[in-house]
Structures are given as structure tokens and as C-alpha cells.
Amino acid sequence: MLCAAMLLVVLLVVLAVMVPSTRPVVAVAVGALLVVSAYGWWLTGRQVAAWGWVERDSDLVVTRGRVWRRLDVVPYGRMQLVDVTAGPLQRAFGVTTVMLHTASPSTRARVPGLPPEDARRLRDRLAERGEAQAAGL
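Residue numbers for the sequence shown follow the numbering used here, so the first one is 21 and each next one is one higher.
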């Protein structure tokens with residue numbers, strides 16, 4: 021998003037230089053764009069800081085949200101699949117997401133923003149604990 025905003029600012033400045041009568045409109049547009057970009061940057065930082073997770077003896081707890089808080093507690097024995105995913109943008113920044121799948125469709129537990137090696141280690145630990153706890157069922 022930041023790259024798109026910077027590109028738009030450059031295009032607006034070029035427009036203001038080429039067509040002098042548009043300078044007041046361009047100045048307002050650039051100002052508004054900078055304010056919206058700063059707000060987006062600030063909001064993204066708060067959203068990232070709101071994620072948390074902890075491995076306990078019998079379950080994994082994932083929390084997220086500042087205003088609308090969500091707490092997912094996933095017992096290891098209920099995990100059906102632990103998946104590591106990374107889209108093109110995540111790969112560009114060197115991060116991945118660990119997704120936890122259970123039989124419940126409402127469980128959306130995921131741990132985003134992990135380095136690939138940490139994500140693989142977490143996946144392996146969760147799979148091992150899940151197999152150990154499911155063996156007693």
C-alpha cells in the first residue's frame with residue numbers, strides 16, 4: 021500500500037508541474053493521501069502488536085484484536101491439520117503463517133508473521149503434540 025501511495029504522490033506532483041492550474045487540487049489530494057497513508061501505517065502497527073500466541077500443556081492459545089478481541093483455544097488433540105502458508109507478499113518479506121484446522125468451522129486459529137524456520141518448527145511441535153494427545157482417544 022505504501023508503494024502505491026508513493027507512486028500516486030509522484031503522479032500528482034508531475035500533474036501539478038505539467039498543468040499549473042491544478043496545483044491547489046493536487047496539493048489537497050497529496051495532503052489527504054499522506055494523512056490516509058500515515059493512518060494506515062499506524063493502524064497496521066497496532067494490528068500487528070495485537071497478535072499473540074502461547075503453547076500450553078494441552079492446547080494452543082491464539083489472541084488477536086484491540087477493539088474486537090478474539091481468543092482461540094485449540095486443544096492439541098482436536099487439531100486435524102497444521103499448515104504453513106506464505107503468499108507472494110509474505111514471501112517477499114520473508115514471513116509465513118501457521119494455520120490450524122480442526123473439525124469446527126468456527127476455529128480460525130492462525131499465527132501470522134513468523135519467519136519460515138520458526139513456522140516449520142512450530143508446525144512440527146504442534147503436529148507432534150496433536151498426535152500424542154489424539155493417541156489417547
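Using N, Cα and C, we set each Cβ at its ideal position, and we do this for glycine too. Just so we're clear, the structure is a prediction, and the values are computed from it rather than from any experiment.
Asked: Three-way DSSP call (helix, strand, coil) for GLY107 in this model; Found: coil
Asked: Same chain, Cβ closer than 8 Å to ALA36, neighbours up to 5 away in sequence not counted; Found: THR42, ARG43, VAL46 and ALA47
Asked: When PRO95, VAL104, ASP103 and GLY60 are compared against SER124, the one with the closest alpha-carbon; Found: PRO95
Asked: Reduced DSSP category for TRP71 - H, G, I as helix; E, B as strand; rest coil; Found: coil
Asked: Beta-carbon contacts of ALA52 that lie in its chain and below 6 Å, excluding the five residues immediately before and after; Found: none
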